[in-house]
Amino acid sequence: MQTLYYFMERKEWTNQEILDIYQQPLMDLLYQAASVHRANHDPNKVQVSSLISIKTGGCSEDCGYCPQAARYHTDIEGNDLMSVRQVKAQALRAKASGSSRVCLGAAWRNVKDGKDFDEVIEMVREITQLEMEVCCTLGMLTENQAKRLEEAGLYAYNHNIDSSEEYYKEVISTRAFEDRLETIGNVRKTSITLCSGGIIGMGESVEDRAGMLKILANMYPQPESVPINALVPVEGTPLEEQGPVSIFEMVRMVATTRIVLPQTQVRLSAGRTQMSEEGQALCFFAGANSIFAGDKLLTTPNPDIKQDMKLFNELSIKTQAPFEKHAKREPKEPVTPPLGENPKWTRPKHKIERNEQARIKAKNLSK
Ligand code: SF4
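For reference, each letter of the sequence shown is one residue, going 787 to 1153 in the numbering used here.
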């Protein structure tokens, strides 16, 4: 058995230590993860979050897993930025069906100062007043932009690192891993909590999975929230032919995340439609304590909320109230002026063969 990290002080994890945890016999891994989970969280409580795609599709990036990238041919219907009124109405519906957190997602490479960002700031203000945790995922962000979101009361910013630094280069060529870390650093200059995780099933090795967790676990402070996604392959994207992630790989990933990030909210994110109820229950036992509700997760399918609530009833799981883990950030009078920023983030532009092929295929299809 591994050591139990109940009250973990700062520790520099190595890849090998995380791999050893991940690869131990499953029953030992489950026992260890469930013990860490119980020492740090109520094991019968799960947070329900809702994702609202406030601006869909037409993205300039080439993330190999994403149907919102403009360069691939997928059947995603794009939309411009939703209005504050529309987003507020959706947030109210999410609250009524049991969500304590909403995540506002925009398919942008990075935030640009201007009318659209001003609208998003207004959305954050309005939804925070509904007594819900508001998270935004808007792409790369400067320090000034992070400060403006903080003043609006933003509770969390999501910026996934997706995979290990090495495998990241096999999936995305239009921005650098360091830019992700810089954005995370900008969020950390404010009181906004950090949500950052990744995706498994993109063809990465178990060493890559350990590598991703090493980066997250060695952040100080550790991210308050870590989403673990299983790839949902979408036709037209470079990763369309990836096989499904087995439930035991997902359970191992959740359990390992729980052990190396004991106090973090571990979010069972994309890929739940491919999991049985028993599989999801095993993930909760292994330390997952959040799900995303609603029949769509940005653009990919997700279980219906009624189905989720039925499962929670069967498992006697209660839902987590807003601001249970961290205090509410009250919106303040805006004092930080916009700097008119649209910085030049890195564009490494190395060639990823399967991304190129998907782009050429899409071009031919649209002729
Ligand atoms: S994951 Fe985000 S940044 Fe990447 S293509 Fe999709 S919307 Fe754009």
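We put the beta carbon where it would ideally sit given N, CA and C, even for glycine.
Predicted model only: the values in this text are computed from it and were never measured.
Here the alpha carbon of Arg1044 sits roughly 31 angstroms from the alpha carbon of Thr1023. As summarised for the segment 1106-1151, the continuous alpha helix (DSSP H) elements at least 4 residues long and confined to that stretch are 1139-1151, given in chain order.
With at least 16 other beta carbons inside 10 angstroms of its own, Gly983 counts as buried. When the five nearest sequence neighbours on each side are left out, the beta carbons in the same chain lying within less than 6 angstroms of the beta carbon of Trp894 are those of Leu924 and Gly925, in order along the chain.
Closest by C-alpha distance to Val822, out of Gln1060, Leu1151 and Pro1048, is Pro1048. In this structure, the beta-carbon distance from Gln1106 to Ser886 falls below 8 angstroms.
The DSSP assignment places 870-882 as complete runs of the alpha helix (DSSP H) inside the segment 845-902, in order along the chain (cut-off: 4 residues). A distance criterion of 7 angstroms places the beta-carbon of Gly987 beyond contact range of ligand 1, judged by its closest non-hydrogen atom. DSSP places Leu916 in no beta strand (DSSP E); its state is neither H nor E.
8 angstroms or more divides the Cβ of Thr960 from the Cβ of His945.
In the structure shown, Ala996 falls within a helical segment according to DSSP collapsed to helix, strand and coil. Leu837 is bridged by DSSP to Cys889.
Distances from the CB of Arg911 to the heavy atoms of ligand 1 are all 7 angstroms or more. Counting C-beta atoms within 10 angstroms of its own C-beta, Pro1108 has 16 or more neighbours from the protein chains shown and is therefore classed as buried.
Judged by pairs of C-beta atoms under 8 angstroms, the segment 903-919 touches the segment 872-887, as three or more such pairs exist. Inclusion of Thr1059 and Ser1011 in the CB contact set at 8 angstroms is not warranted, their separation being larger than that value. Around the beta-carbon of Gly1126, fewer than 16 other beta-carbon atoms lie within 10 Å, marking it exposed. Relative to the Cα of Glu956, the nearest Cα in the group Trp799, Cys849 and Gln802 belongs to Cys849. For Glu1100, the closest of Ala856, Glu1064 and Arg1038 by C-alpha to C-alpha distance is Glu1064. Counting along the chain, Gly971 sits inside the alpha helix (DSSP H) bounded by residues Phe963 to Val973.
Here Leu1151 has His859 as same chain residues with Cβ atoms under 8 angstroms from its own Cβ, once five neighbours each way along the sequence are excluded.
When the five nearest sequence neighbours on each side are left out, the beta carbons in the same chain lying within less than 6 angstroms of the beta carbon of Lys1000 are those of Trp799, Asn801 and Ile804, in order along the chain. In terms of Cα proximity to Met1095, the closest of Asp866, Asn896, Arg1133 and Gly884 is Gly884. Between Val873 and Ile840, the gap from beta carbon to beta carbon is short of 8 angstroms. Rounded to whole angstroms, the Cβ separation of Glu847 and Ala855 is 6 angstroms, and the two are in contact under 8 angstroms.
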